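>
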Ligand SMILES: C/C=C/C(=O)SCCNC(=O)CCNC(=O)[C@H](O)C(C)(C)COP(=O)(O)OP(=O)(O)OC[C@H]1O[C@@H](n2cnc3c(N)ncnc32)[C@H](O)[C@@H]1OP(=O)(O)O
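In the numbering used here, the protein residues as written are 17 to 274.
(1) Any heavy atom of ligand 1 within a distance shorter than 7 Å of the CB on residue 148?
(2) How about the stretch 138-148 and the stretch 119-129: do they share at least three Cβ pairs that are nearer than 8 Å?
(3) Roughly how many whole angstroms lie between the Cα atoms of residue 206 and residue 151?
(4) If we require 4 or more residues per run, which alpha helix (DSSP H) segments fall completely within the stretch 202-259?
(5) Measuring only from the beta carbon, is residue 123 closer than 7 Å to any heavy atom that is part of ligand 1?
(6) Over what stretch of residues does the beta strand (DSSP E) that includes residue 121 continue unbroken?
(7) How long is the line joining the alpha carbons of residue 35 and residue 181, rounded to whole angstroms?
(8) So, do the stretch 215-229 and the stretch 189-205 have three or more beta carbon pairs nearer to each other than 8 Å?
(9) Near residue 143, what residues of its chain come up, given a Cβ to Cβ distance below 8 Å and the 5 sequence neighbours on each side ignored?
(10) Are the beta-carbon atoms of residue 103 and residue 53 separated by less than 8 Å?
(11) Is the closest heavy atom of ligand 2 to the C-beta of residue 82 under 7 Å?
(12) For residue 105 and residue 179, what's the separation of their Cα atoms in angstroms?
(13) Can you find the residues in the same chain that come closer than 7 Å, C-beta to C-beta, to residue 167, ignoring five residues on each side of it along the sequence?
(14) Pick out whichever of 134, 154, 55 and 96 has its Cα sitting closest to the Cα of residue 81.
(15) May I ask whether a heavy atom of ligand 1 can be found less than 7 Å away from the beta carbon of residue 128?
(16) Residue range of the beta strand (DSSP E) that residue 77 falls in?
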């Protein structure tokens, strides 16, 4: 489908989605989120794609849900339509890995969207925050839950109760982002990491992602049992045989996603 609020590119086995509403700092309007969900669907269905990168502009990953669009919603509007809708969560339900490449503002729904990705690479210009409290509401796309799991209760509570924004260095210190790269290198670095992931065994990468994610949803004991089942499953793949044979034979593995 033709998109008006996002740009979509493929780079080898990597799908790149750029949020593209520059005049509104990529505010997440319903139209944008609908297109984003469709783009994720398309990359998930594309056998050529092994990893997805989600990014914004140099100035903003996304400055949150579109305040102007939602300002006059009534309680019944938001309750009956289940706003923030299921479309918002499409990134979180992707089975292929999704990397957030964040430069500039990632505020409110923008921070929540980045946290739905599997990990966040931050430019040194990145700024993260949940400022909803300053406009009379609270995070509604997982911010109170995911941020707390990322950074712990104390910092999450301070950020959510005051709306304080943190810079890239603080975000790295508290574990919100995996690492920081110079802004000029952000996309190149994100594409490089994504290409590396896409070059590995697709089913095994998907199992690894599923297993790490399970740690957020269950007890340690149950999570370890789940991990062990998936670990055992890797031995049913041709790629495990190929990977271990390649190691023994001192050559590059040639994974066939089988
Ligand atoms: C479930 C999720 C809930 C939520 O996400 S609630 C929203 C949470 N986000 C926020 O509260 C952040 C809102 N934005 C800002 O505070 C500021 O922006 C910034 C600090 C990010 C940047 O400030 P500056 O550099 O002065 O730019 P500017 O003139 O405010 O913004 C440029 C244009 O972008 C529009 N815009 C920015 N953020 C949003 C938004 N979240 N929703 C709708 N429009 C937005 C502005 O209005 C303006 O537009 P115009 O030039 O026409 O006045």
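Glycine included, C-beta positions come from ideal geometry on N, C-alpha and C. Remember, it's a predicted structure, so these values are computed and weren't measured experimentally.
Reading it off the structure:
(1) In this structure, residue 148 has its beta carbon less than 7 Å from a heavy atom of ligand 1.
(2) Enough Cβ pairs lie closer than 8 Å, so yes.
(3) Rounded to the nearest angstrom, the two C-alpha atoms are 33 Å apart.
(4) Note on the stretch 202-259: whole alpha helix (DSSP H) runs with a minimum of 4 residues are 202-214, 218-230 and 236-250, in chain order.
(5) Result yes, Cβ under 7 Å from ligand 1.
(6) According to the DSSP assignment, residue 121 belongs to the beta strand (DSSP E) that extends over 121-123.
(7) Their backbone Cα atoms lie some 21 Å apart in a straight line.
(8) These segments do not touch.
(9) Setting aside the 5 residues that flank it on each side, residue 143 is surrounded in the same chain by 120, 121, 122, 123, 181, 182, 183 and 184, each with a C-beta closer than 8 Å to its C-beta; the list follows chain order.
(10) Yes, they are a contact pair.
(11) Absence of ligand 2 from the depicted structure is noted, with ligand 1 being the only ligands included.
(12) Whole-angstrom Cα-Cα distance: 23 Å.
(13) Correct list, in chain order: 190, 191 and 192.
(14) Residue 81 has its Cα closest to that of 154, out of 134, 154, 55 and 96.
(15) Residue 128: yes, Cβ under 7 Å from ligand 1.
(16) Unbroken beta strand (DSSP E) run through residue 77: 76-78.
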